[in-house]
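A.B. asks: In UniProt numbering, the protein residues as written are 1 to 116.
Mind looking over this structure? Questions follow.
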Amino acid sequence: MEQLALRLKGLSDPTRLRVIRLLDHGELCVCDLMAGLDLPQSTVSRHMSFLRNAGWVNGRRKGKWVYYTLAAPTDAIQSEILEILRLRLPDEEQARQDHERLMTHLANKTEETCPT
Numbered sequence: 001m002e003q004l005a006l007r008l009k010g011l012s013d014p015t016r017l018r019v020i021r022l023l024d025h026g027e028l029c030v031c032d033l034m035a036g037l038d039l040p041q042s043t044v045s046r047h048m049s050f051l052r053n054a055g056w057v058n059g060r061r062k063g064k065w066v067y068y069t070l071a072a073p074t075d076a077i078q079s080e081i082l083e084i085l086r087l088r089l090p091d092e093e094q095a096r097q098d099h100e101r102l103m104t105h106l107a108n109k110t111e112e113t114c115p116t
């Protein structure tokens, strides 16, 4: 029950739900998430730490940035919740705006805008 409560608490913030939606795109670095969410690095990193501790994301360091992916579900409840989020989050207006910003950022991303 404690692990389930921690996982659910990890999703109890709109920004963290927005991150889950963006990571459905695949592996993203903090700079990509900053662009998609239109938030500063400190805010994004704080939310990523919470999501990592709650078991929703995995991170790996490369150079000065951390790259994140959605974590593979470890139980049926997490799997079902992730399935629902993948189905429903794209319908949310904020999630659509975030996705558009992310796609624009990725299309224009250079070593200068997001150095490794």
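Cβ atoms here follow ideal geometry from the backbone N, Cα and C, with glycine treated the same way.
Note that the structure is predicted; figures quoted are calculated from it, not measured.
Spatial neighbours of R18 within its chain, please: CB distance less than 7 Å, with the 5 preceding and 5 following residues excluded, ordered by chain position.
C.D. replies: These residues qualify, in order along the chain: L37, Q94, A95 and D98.
A.B. asks: Contact defined as beta carbons within less than 8 Å: I believe V66 pairs with V30. What is the distance between those atoms, to the nearest angstrom?
C.D. replies: 6 Å
A.B. asks: Across the stretch 13 to 27 and the stretch 81 to 91, are there enough close Cβ pairs to call them in contact, namely three or more that are closer than 8 Å?
C.D. replies: yes
A.B. asks: May I have the straight-line CA-CA distance separating S12 from Q78, to the nearest angstrom?
C.D. replies: Rounded to the nearest whole angstrom, the CA to CA distance from S12 to Q78 is 14 Å.
A.B. asks: Please report the distance separating the alpha-carbon of L39 from that of S45.
C.D. replies: One C-alpha to the other measures close to 10 Å.
A.B. asks: State yes or no: is the C-beta of T69 within less than 8 Å of the C-beta of E27?
C.D. replies: The answer is yes: Cβ separation under 8 Å.
A.B. asks: Suppose you measure from the CA of E112 to the CA of F50; what does that come to, to the nearest Å?
C.D. replies: 28 Å
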